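Residue numbers (my numbering): 292 to 554. Yeah, the Cβ is synthetic: ideal placement off N, Cα and C, and Gly gets one too. If you're wondering where the values come from, they're calculated on a predicted model, not measured in any experiment. Okay, so here's the structure we're looking at.
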């Protein structure tokens, strides 16, 4: 609900201890009440009036500056370009509608998960789910996407899935997604990384309820999924696909499930 700045803080001492986010929220709500362009420089006289103090200690405008920077980073306040000097601000469209109870957590989550780090396909599949707090579902959808892309890029049958399928796609000797030019240790490492990631991050969520309540942990998983997906898509590209090494048909025991796998 819009409210004057002084209703957000009971005293100047409370304002002095406030975080940039707390000051920024108070400034946005004050701008909603005022409805006009806002000058941080001119605002110090209003603050002095609010708290009945004639002086402006050095920390006062620092707090206002920090709060305005937070409001700008959240795209709630933007420079007023109708003015010759960019020292005045107006509310953005989001700022006009901003309501802390409904919007603050969403803004914090969006900042926690910078979407520019996500592969576009992961962003489309998981970002909105993440924002509403369904972290398990967001991670599951991201790694299901990785698993599906691996299967399709490797040309494996639809019934193939999970760690054995991924291990086969990145088989160190003849996997369709393995680069023969990579050193043997790197080929093995990538095979284990890909198969392990699908097994750890996607498969448990396919079979049982897994409690993932930490948004930071979920965000890290989505970034991992994005990186894996970029690798898979690059291997699918003809310009980057070196193809499997020539080999003789043979059977070998999978290093992941212990079952014989004939190639």
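Which partner residues does residue 380 have in the DSSP bridge list?
The count along the chain shown starts at 1 and reaches residue 380 at position 89. BP columns for residue 380 point to 329, 370.
Please state whether the Cβ-Cβ distance between residue 441 and residue 468 is less than 8 Å.
The residue labelled residue 441 in the question sits at position 150 within the chain shown. The residue labelled residue 468 in the question sits at position 177 within the chain shown. Yes, these two residues count as a Cβ contact at 8 Å.
Check residue 466 in the structure and name its three-state DSSP category.
Position 175 of the chain shown, counting from 1, holds the residue named residue 466. Residue 466: coil per DSSP, three-state reduction.
According to DSSP, is residue 477 helix, strand or coil?
Within the chain shown, the letter at position 186 stands for residue 477. Reduced to three states, the DSSP call for residue 477 is helix.
Could you say which of 356, 474, 371, 516 lies nearest to residue 312 if we only look at CA atoms?
The residue labelled residue 312 in the question sits at position 21 within the chain shown. Cα-wise, what sits closest to residue 312 is 356.
How long is the line joining the alpha carbons of residue 428 and residue 436, rounded to whole angstroms?
Here residue 428 is taken as the residue at index 137 of the chain shown, counted from 1. Here residue 436 is taken as the residue at index 145 of the chain shown, counted from 1. Within the model, the alpha-carbon separation for residue 428 versus residue 436 is close to 12 Å.
In its own chain, which residues sit with a C-beta less than 7 Å from the C-beta of residue 517, not counting the 5 before and 5 after it?
Counting from 1 along the chain shown, the entry for residue 517 is found at position 226. Sequence-distant partners of residue 517 (beyond 5 residues in either direction) whose C-beta falls short of 7 Å from its own C-beta, in its chain, are 408, 409, 410, 413.
What number of angstroms, rounded off, separates the C-alpha of residue 489 from the C-alpha of residue 453?
As a working mapping, residue 489 is identified with position 198 in the chain shown. As a working mapping, residue 453 is identified with position 162 in the chain shown. Taking the straight line joining both Cα atoms gives about 7 Å.
Indicate whether the contact test is met: 3 or more Cβ pairs, each with one atom in the stretch 297 to 310 and one in the stretch 380 to 391, closer than 8 Å.
Too few Cβ pairs lie closer than 8 Å, so no.
Candidates 292, 348, 342, 486: which alpha carbon is nearest residue 325's?
The residue you call residue 325 lines up with position 34 of the chain shown. Cα-wise, what sits closest to residue 325 is 292.
Residue span of the alpha helix (DSSP H) that contains residue 343, given as start and end:
Here residue 343 refers to the residue found at position 52 of the chain shown. Taken as a continuous stretch (DSSP letters only), residue 343 belongs to no alpha helix (DSSP H), as it is neither H nor E.
Can you tell me where the alpha helix (DSSP H) with residue 525 in it begins and where it stops?
Working through the chain shown from its first residue, we reach residue 525 at position 234. Boundaries of the alpha helix (DSSP H) harbouring residue 525: 506 to 527, taken from the DSSP string.
Which two residues bound the contiguous alpha helix (DSSP H) that contains residue 439?
Numbered from 1 along the chain shown, position 148 holds the residue referred to as residue 439. 426 to 445 is the extent of the alpha helix (DSSP H) around residue 439.
Beta-carbon within less than 8 Å of residue 507's beta-carbon, same chain only, minus the 5 sequence neighbours each way: which residues are those?
As a working note, residue 507 is residue 216 in the chain shown. Correct list, in chain order: 403.
Buried versus exposed, by CB contacts within 10 Å (16 or more), residue 340
As a first step, residue 340 is located in the chain shown; it is residue number 49 there, counting from the start. So residue 340 ends up on the exposed side.
What did DSSP end up calling residue 423 once you bin it into helix, strand or coil?
For this step, residue 423 is matched to residue 132 along the chain shown. It is coil, neither helix nor strand.
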